[in-house]
Amino acid sequence: MRKRVYLTGFMGAGKTTVGRALAEQLCVPMIDTDSYIEEKVGKPIKQIFAEEGEAAFRRYEREFLRTLPADKLIVTTGGGMVIQPENREWMKQTGTVIYLHCEFAEIMRRLADDDTRPLFSNQQAEFQRLWEQRLPYYSEAHIVIDTTGKRVEEIVQEIIEWIKKTENRQE
Numbered sequence: 001m002r003k004r005v006y007l008t009g010f011m012g013a014g015k016t017t018v019g020r021a022l023a024e025q026l027c028v029p030m031i032d033t034d035s036y037i038e039e040k041v042g043k044p045i046k047q048i049f050a051e052e053g054e055a056a057f058r059r060y061e062r063e064f065l066r067t068l069p070a071d072k073l074i075v076t077t078g079g080g081m082v083i084q085p086e087n088r089e090w091m092k093q094t095g096t097v098i099y100l101h102c103e104f105a106e107i108m109r110r111l112a113d114d115d116t117r118p119l120f121s122n123q124q125a126e127f128q129r130l131w132e133q134r135l136p137y138y139s140e141a142h143i144v145i146d147t148t149g150k151r152v153e154e155i156v157q158e159i160i161e162w163i164k165k166t167e168n169r170q171e
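Start counting the sequence shown at 1; every next residue gets the next number (the UniProt record's numbering).
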């Protein structure tokens with residue numbers, strides 16, 4: 001792996017879980033941008049949204065994305081990281097962007113008991129609209145990996161094979 005790998009996708013697509021496993025397989029560090037923001041700001045994301053609003057959180061995303069170490073690194077992004085054009089452009093310029101796609105019905109199953117996500121709503125139609133609005137942004141990635149119904153090991157293997165194939169072409 002020659003540069004950063006950014007994992008993008010909607011909440012519940014498996015970014016953090018896959019990122020940890022991928023980092024372990026490749027023997028590189030992993031940074032989860034949501035955890036990074038919580039650490040730097042000193043508040044949970046849910047509290048940031050409640051006290052400062054979504055606009056402040058998006059500003060933190062944009063600012064902190066640029067402060068990540070330049071080393072070989074797996075970066076798992078928050079589901080909304082891609083809504084800002086400057087974030088998409090930064091990630092494409094500084095690494096490989098991988099979109100972990102997951103079908104909406106499976107996302108709903110995965111998040112059914114999760115109360116830590118401020119934008120997750122029990123209003124399924126509203127939540128699905130958010131998912132659909134973000135799809136074009138996610139699709140700007142270098143590669144799309146479908147995580148629907150797959151085990152973490154399968155997804156990680158698919159990513160590693162793609163990275164190897166891509167790096168072999170560049171030599």
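Note that beta-carbon positions come from the ideal geometry of N, C-alpha and C, so glycine has one too.
Do residue j and residue i come within 8 Å of each other at the CB atom, strictly closer than that value?
{"i": "Gly14", "j": "Gly79", "result": "no"}
{"i": "Leu73", "j": "Pro29", "result": "yes"}
{"i": "Thr76", "j": "Leu7", "result": "yes"}
{"i": "Ile159", "j": "His101", "result": "no"}
{"i": "Gly12", "j": "Leu111", "result": "yes"}
{"i": "residue 172", "j": "Tyr60", "result": "Nothing about residue 172 can be read from this structure; the chain reaches only from 1 to 171."}
{"i": "Glu38", "j": "Pro44", "result": "yes"}
{"i": "Ser35", "j": "Tyr99", "result": "no"}
{"i": "Arg62", "j": "Gln84", "result": "yes"}
In terms of residues, what are the limits of the alpha helix (DSSP H) holding residue i?
{"i": "Glu108", "result": "Note that residue 108 is Met in the sequence shown, not Glu. Met108 -> alpha helix (DSSP H) spans 104-111."}
{"i": "Asp34", "result": "33-41"}
{"i": "Thr67", "result": "Taken as a continuous stretch (DSSP letters only), Thr67 belongs to no alpha helix (DSSP H), as it is neither H nor E."}
{"i": "Lys150", "result": "Unbroken run through Lys150: none, as it is neither H nor E."}
{"i": "Ala125", "result": "124-138"}
{"i": "residue 172", "result": "Since the displayed the chain opens at 1 and closes at 171, residue 172 lies outside it and no answer follows."}
Within 10 Å of its beta-carbon, does residue i have 16 or more other beta-carbons around it, so buried, or fewer, so exposed?
{"i": "Gly149", "result": "exposed"}
{"i": "Asn87", "result": "buried"}
{"i": "Arg4", "result": "buried"}
{"i": "Arg169", "result": "exposed"}
{"i": "Ala23", "result": "buried"}
{"i": "Gly53", "result": "exposed"}
{"i": "Thr166", "result": "exposed"}
{"i": "Ala56", "result": "exposed"}
{"i": "Ala105", "result": "exposed"}
{"i": "Ala21", "result": "buried"}
{"i": "Ala125", "result": "exposed"}
{"i": "Ala141", "result": "buried"}
Tell me the residue span of the beta strand (DSSP E) that contains residue i.
{"i": "Val75", "result": "74-76"}
{"i": "Gly95", "result": "95-101"}
{"i": "Ile145", "result": "143-146"}
{"i": "Val5", "result": "4-8"}
Since I believe residue j is in contact with residue i (beta carbons under 8 Å), could you give me their beta-carbon distance rounded to a whole number of angstroms?
{"i": "Leu65", "j": "Thr33", "result": "7 Å"}
{"i": "Gln25", "j": "Val152", "result": "10 Å between Cβ atoms; not a contact."}
{"i": "Trp131", "j": "Ile107", "result": "7 Å"}
For residue i, write down the residues that DSSP places opposite it in a beta bridge.
{"i": "Met30", "result": "Ile74"}
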